[in-house]
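If you read the sequence shown in full-length UniProt numbering, its first letter stands for residue 1, the second for the next number, and so on. Structure first, then comments.
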Amino acid sequence: MEGAGFQRPDLEGIRRGLRRPRHRLPGSEPRWPRRRRRRNSTLTGRALRPAEIAAAISSRPGPWAPCATRVMRTEVEAAGQPLEPEDFVQLPVPTIQQLYHWDCGLACSRMVLRYLGQLDDREFENALQELQLTRSIWTIDLAYLMRHFGVRHRFCTQTLGVDKGYKNQSFYRKHFDTEETRVNQLFAQAKACKVQVEKCTVSVQDIQAHLAQGHVAIVLVNSGVLHCELCSSPVKYCCFTPRGHRCFCRAPDYQGHFIVLRGYNRATGCIFYNNPAYADRMCSTSISNFEEARTSYGTDEDILFVYLDS
């Protein structure tokens, strides 16, 4: 019921007012408000599905221009100097945090499989049981895991097997005697199991060319050397202990840790990567720091290239 003194609004007048041109000056033509053009969703920086990325790759000649997956503009672009397509790559690789101090490699594998659209938690757990993966995860284990899911890969390393020199390193000492035979057998059986393993040296240019095609890579680094330029407080990689537990670790000479490469910026000389120590961010470091971390003694310069067209 209408109260006393209530007046019905002049709806027709309101409609006319909405149609009235704005910012009209005396003697000037009416300036009608411009209709906002709907932005193409491929330019908004949303995470594309692998099928969309594959379509973008196949439809463009030469290196893939990943403008669809950018989530920020570089300083060079802001200054008015456009980058070439192959100068900036940032792939929409999801972040998945590791649960324990030993499963960083498994977390990286989950990121890669989800990026490829092939991650099923139940199948992943079954694969771990079938491959008998325990708390000691080597890069060759991740290569077998990719083969299990039918993912095209290439494992590059400096040592086809276990380097006996690692026996005295604190990082390897605990499981070295029990793992040496197992890991050497995996290398020996790799060809028969269709696991692609090569003894070769990989350059930064090789890595960038791989990423420019929309592919990703899992890299073994020395976490004590790797420093993210975007993180205000670096994580102590030596102590991924559950909350409430006190850490008695000392900074070791070598602390192996797996990361997932997802892009680079040639203008600023940096590498983008996902660190399984975090669940909410992308990390970035200089190419020089990345090279120092991945070529440290203990890594064998292990890198597992994973291909999008798997």
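In this text, a Cβ means the ideal position worked out from N, Cα and C, and glycines have one as well. Keep in mind the model is a prediction, meaning the values are calculated, not measured.
* Asked: When we look at the beta-carbon of Y115 and count the other beta-carbons within 10 Å, is it buried (16 or more) or exposed?
  -> The residue in question, Y115, is buried, as its Cβ has 16 or more Cβ neighbours within 10 Å.
>> Tell me the residue span of the beta strand (DSSP E) that contains S284.
In response: It spans C283 to S286 - the beta strand (DSSP E) in which S284 sits, taken as one unbroken run.
Exercise. Along the chain, where does the alpha helix (DSSP H) that runs through G263 open and close?
Worked result: Element bounds for G263: not the alpha helix (DSSP H) but the beta strand (DSSP E), G256 to N265.
Inset, instruction - Report buried or exposed for D300, applying the criterion of at least 16 other Cβ atoms within 10 angstroms of its Cβ. - result: It is buried - the Cβ of D300 has at least 16 other Cβ atoms within 10 Å.
**Study point:** Closest by C-alpha distance to Q90, when choosing among R182, Q213 and S109
**Key:** The residue with the shortest Cα to Cα distance from Q90 is Q213.
Do you know how far the Cα of T181 is from the Cα of I140? Those two C-alpha atoms are separated by around 13 Å.
- prompt: Nearest CA to the CA of C200: which residue from C270, L160 and E86?
  reply: Answer by Cα proximity: L160.
- Task: Report yes if the CB atom of residue 312 is closer than 8 Å to the CB atom of Q255, and no otherwise.
- Result: This structure does not reach residue 312, given that the chain is present from 1 up to 310, and the question cannot be answered.
Rounded straight-line distance, which links the Cα of S109 to that of Q98: Whole-angstrom Cα-Cα distance: 11 Å.
Exercise for the section: Please report how far the alpha carbon of G150 lies from the alpha carbon of G224, in whole angstroms. Expected result: Between G150 and G224, the C-alpha separation is close to 33 Å.
If you drop the 5 nearest sequence neighbours on each side, which residues of the same chain put their C-beta closer than 8 Å to that of A279?
Contacts found: T95, I96 and Q97.
Is Y278 close to the ligand GTP? I mean its beta-carbon at under 7 Å from any heavy atom of the ligand.
This structure does not include the ligand GTP; it has no bound ligands of any sort.
With a CB to CB cut of under 8 Å and the five nearest residues on each side skipped, what residues in its chain are close to F187? Within the same chain, F187 has close Cβ partners I140, L160, G161 and V197.
query = What's the gap between the Cα of F171 and the Cα of N265?
reply = Those two C-alpha atoms are separated by around 32 Å.
Review point. According to DSSP, what are the bridge partners of F88?
Key: According to DSSP, which records beta bridges pairwise, F88 is partnered with N265.
Beta-carbon proximity check, F155 vs K167, cutoff 8 Å:
It is not a contact, given that the beta carbons lie outside the stated cut-off.
*Using the rule of at least 16 other Cβ atoms within 10 Å of the residue's Cβ for burial, across every protein chain shown, is R60 buried or exposed?*
Its pLDDT being 40, under 50, R60 is placed unreliably in this model, and the value from its coordinates should be taken loosely. Label assigned to R60: exposed.
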